[in-house]
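Here is the structure we will look at.
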Amino acid sequence: MAVMKKKGNKGLPPISTASLPDVIFMILFFFMVSTTMRDQELLVRYKLPEATEVQKLEKKSLASYIHIGQPSLAMQAQFGTAPKIQLNDSYRTTKDILDFIAAERDKLNEADRASMTVVLKADANTKMGIVTEVKQELRRANALKISYAASKSLGY
Amino acid sequence: MADIAFLLLIFFLVATTMNVDTGLVRVLPPMPPENQKQEDIKVKERNLFLVLVSGSGNIMVGTPNNQEFTDLRQIKDRTKEFILNPMDDENLPEKTEKEIELADGSKWVYPESQGVVSLQTTLETDYQTYIMVQNELTRAFNEVRDEVSMQKFGKKFSELEKADRDAVSKAVPLKISEAEPRNIKK
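Chains A and B, in that order, give the protein sequences.
Residues 1 to 156 (our numbering) make up the first sequence, in order.
Residues 1001 to 1186 (our numbering) make up the second sequence, in order.
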């Protein structure tokens, strides 16, 4: 009987936290491997169009991004809701695309320059007028490989 | 120890993104030199397949003289029929024999279609509609490529080796021409 009583007094032993760092490190390494650094802050809001035949971007380091969409909520007081083009970290017009492409091209190795891809991230509700202007400007800048960013959907 | 790990974990959660960029890859035509006179490239009527997308999202397809309204879902089959021209119809594109060098050094003669898909939009067309049409056109080309590689190599296009894939891409080139949108004001 005395033995039983002693056992009851002890209660549930606390869970050992000795392995907690290991678990957290495991999650940490998972995130380090599977994510990429956020390179720029978005000033426009967009919902990408959907498509089924999308291809993955081959190399992220060779991609330059052009964002098109409504200014983000914080910026709408200042800039309104008309669609804007974002290059790097500021709003720009189509005239700046030539310089932007030249600067992006300079960042790359000479061997990689031919395979530079411009990723057009435009809101699904943008009108083609602005997209076409950007495309014409890209042709002028001789950045011919482009990718229309779209999220994968399952079809109709 | 766990605190440090937590700190690092939270840093990575905040500072990184996970999304993979996917999209429709296209190659734009190079800009013609400014001093050069713009000459319209003449394409035979039977070799041209017009896809017109209006500002309200209506789609018309057909030859330059004979277009009809169509549904998004029909574009793929119409385009496939146009590229393949299975019955050698006189109103569908002509084919020319093209010699393609394969990885093992042998030659492969394939009747390449001379057809060009011409996609035209207006300034008011929604980007979403445009992408959906582009998607259907890509799907048509992808299915044709799949069929051709099935016949030639017995595998799907995406499962081929790179050299074979290039050969099939040469046999079925992605010929989508994009005219500047109509009523452009400049």
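Beta carbons are placed, not taken as given, at the ideal position from N, Cα and C, and that holds for glycine.
None of these values were measured; they are calculated from a predicted model.
In the displayed model, Gly1057/B falls within coil according to three-state DSSP, outside both helix and strand.
When secondary structure is reduced to three states using DSSP, Gly129/A falls in the helix class.
About 6 Å separates the CB atoms of Val1133/B and Val1053/B; that is less than 8 Å, so the two are in contact.
Fewer than three beta-carbon pairs drawn from the segment 91–100 of chain A and the segment 1003–1010 of chain B are found closer than 8 Å, and the two stretches are therefore not classed as touching.
Interface annotation for the segment 1016–1028 of chain B against chain A: Thr1016, Thr1017, Met1018, Val1020, Asp1021, Thr1022, Gly1023, Leu1024, Val1025, Arg1026, Val1027 and Leu1028, criterion Cβ-Cβ distance under 8 Å. Going by beta carbons, Gln40/A and Gly1023/B fall outside the 8 Å limit. Distance check between Leu1084/B and each of Glu1101/B, Val1116/B and Gly1055/B places Val1116/B closest, using alpha-carbon atoms only. Looking at Leu154/A, Ala141/A and Lys152/A, the one whose alpha-carbon comes closest to that of Pro1032/B is Ala141/A. Under the Cβ criterion of 8 Å, Ala1163/B is not counted among the residues facing chain A. Around the beta carbon of Thr1017/B, a 10 Å sphere encloses fewer than 16 other beta carbons of the protein chains shown; the residue is thus reported as exposed. Judged by DSSP in its simplified three-state form, Gln1128/B adopts helix.
A direct Cα-Cα distance of roughly 9 Å separates Thr36/A from Phe1012/B. If you keep only unbroken alpha helix (DSSP H) runs of at least 4 residues inside the segment 1069–1130 of chain B, you get 1072–1084. Using a CB distance cut-off of 8 Å, Glu1124/B counts as an interface residue toward chain A.
Taking 8 Å as the cut-off, the Cβ atoms of Ala51/A and Leu57/A do not count as close.
Taking C-alpha positions only, Thr1138/B is separated from Ala1163/B by approximately 21 Å.
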